[in-house]
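Notes to accompany the following structure.
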Ligand SMILES: [Zn+2]
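Numbering (my numbering), first residue to last: 9 to 295.
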């Protein structure tokens with residue numbers, strides 16, 4: 009059971025190191041404050057002035073807060089490379105009248121065990137992970153996952169795009185032919201070839217490609233605020249780039265294109281290009 013604690017404005021103020029001189033600070037919510045590795049945290053700021061810029065420094069990076077009607081929001085990924093323990097996120101803001109300040113939020117990253125998987129692939133299949141011809145597809149996918157659009161298009165829990173048994177879990181350490189290859193950045197769901205694949209949440213299709221030799225037929229949906237979902241190894245793509253899709257809409261069909269040992273959907277959720285646990289998004293706890 010995941011616990012979503014909300015930091016009240018008062019609690020945040022108690023943690024602050026420095027705030028704008030002679031003026032109340034904006035109020036900030038952060039949830040969850042005890043995320044697991046592979047979760048995300050949702051940070052929301054209610055400004056008490058006209059914001060010139062606002063950002064959150066988290067895990068060595070600076071994430072701009074994005075205007076979302078009445079609030080300024082950012083989704084902070086807890087990377088697979090994060091270490092468990094107490095750390096902090098620092099919110100900075102500057103108003104157009106020159107006032108500026110910062111709040112320091114305490115975050116307690118929970119440890120989490122990830123499995124190990126050994127995969128045996130033919131030399132030609134295994135070679136595709138690092139082949140020159142896959143550079144283009146990695147670059148295109150990378151560019152789509154870098155996309156940060158301001159409008160938050162999702163609301164509520166994400167839908168799992170297919171039903172079926174999880175054959176490879178998120179975050180697992182994958183060895184190919186005896187050598188460490190990569191962390192598994194999504195979940196593999198085993199289901200028959202041709203099974204309809206549904207959009208996990210509302211968004212805009214940011215990439216489709218049926219020529220990738222590693223990922224196979226691929227769809228990426230941008231859900232706004234740096235959150236994207238990726239669907240690969242499809243047998244058929246039913247949407248085009250730029251298309252607005254709604255949660256549950258069929259976007260393609262399950263296949264085994266690219267490097268795949270059988271029909272399955274590899275489904276991944278990314279926040280600011282960091283892979284995060286799809287099952288976290290399936291049970292957001294009301295945020
Ligand atoms: Zn996979």
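Every residue gets a Cβ at the ideal spot worked out from N, C-alpha and C, and that includes glycine.
Just so you know, these numbers come straight off a predicted model, no measurement behind them.
Euclidean distance between Cα positions of residue i and residue j
| i | j | result |
| --- | --- | --- |
| residue 285 | residue 279 | 10 Å |
| residue 226 | residue 242 | 6 Å |
| residue 42 | residue 86 | 10 Å |
| residue 245 | residue 34 | 45 Å |
| residue 112 | residue 141 | 45 Å |
| residue 240 | residue 228 | 9 Å |
| residue 7 | residue 253 | One cannot answer for residue 7 here, as it falls past the ends of the chain, which runs 9 to 295. |
| residue 277 | residue 44 | 15 Å |
| residue 70 | residue 154 | 14 Å |
| residue 100 | residue 76 | 17 Å |
| residue 103 | residue 144 | 42 Å |
| residue 55 | residue 223 | 42 Å |
| residue 212 | residue 98 | 31 Å |
| residue 249 | residue 152 | 11 Å |
| residue 64 | residue 58 | 17 Å |
| residue 163 | residue 47 | 17 Å |
| residue 238 | residue 289 | 13 Å |
| residue 180 | residue 88 | 10 Å |
| residue 150 | residue 130 | 26 Å |
| residue 184 | residue 135 | 10 Å |
| residue 159 | residue 230 | 10 Å |
| residue 165 | residue 287 | 10 Å |
| residue 214 | residue 221 | 19 Å |
| residue 40 | residue 263 | 36 Å |
| residue 105 | residue 62 | 14 Å |
| residue 121 | residue 169 | 25 Å |
| residue 275 | residue 167 | 11 Å |
| residue 157 | residue 251 | 15 Å |
Exposure of residue i, with buried meaning 16 or more beta-carbon neighbours within 10 Å
| i | result |
| --- | --- |
| residue 272 | buried |
| residue 217 | buried |
| residue 171 | exposed |
| residue 60 | exposed |
| residue 124 | exposed |
| residue 37 | buried |
| residue 67 | buried |
| residue 282 | buried |
| residue 109 | buried |
| residue 147 | exposed |
| residue 126 | exposed |
| residue 200 | exposed |
| residue 208 | buried |
| residue 210 | buried |
| residue 161 | buried |
| residue 269 | exposed |
| residue 128 | exposed |
| residue 90 | buried |
Ligand 2 heavy atom lying under 6 Å from the CB of residue i
| i | result |
| --- | --- |
| residue 115 | Only ligand 1 can be found as ligands here, which leaves ligand 2 out of the picture. |
Backbone secondary structure at residue i - three-state DSSP
| i | result |
| --- | --- |
| residue 289 | helix |
| residue 244 | strand |
| residue 90 | coil |
| residue 65 | strand |
| residue 56 | coil |
| residue 105 | coil |
| residue 73 | coil |
| residue 146 | helix |
| residue 47 | coil |
| residue 211 | strand |
| residue 132 | helix |
| residue 151 | helix |
| residue 140 | helix |
| residue 177 | coil |
| residue 7 | Missing from the structure shown is residue 7; the chain here goes from 9 to 295 and no further. |
| residue 201 | coil |
| residue 78 | coil |
| residue 99 | strand |
| residue 167 | coil |
| residue 216 | strand |
| residue 185 | coil |
| residue 157 | coil |
Contact with chain B by residue i, beta-carbon distance below 7 Å
| i | result |
| --- | --- |
| residue 68 | Among the chains in the structure shown there is no chain B, since it carries only a single protein chain. |
* Check each residue's C-beta against every heavy atom of ligand 1 and list, in chain order, those closer than 5 Å. => 196 and 274
* Between the segment 179-190 and the segment 229-236, do at least 3 Cβ pairs fall closer than 8 Å? -> no
* Asked: Below 8 Å, can you find three or more Cβ-Cβ pairs linking the segment 195-203 to the segment 168-182?
  -> yes
* To do: Would you be able to state if there are at least three C-beta pairs under 8 Å between the segment 255-271 and the segment 201-210?
  => yes
* Asked: Hey, is the segment 47-61 in contact with the segment 76-90, meaning 3+ C-beta pairs nearer than 8 Å?
  -> yes
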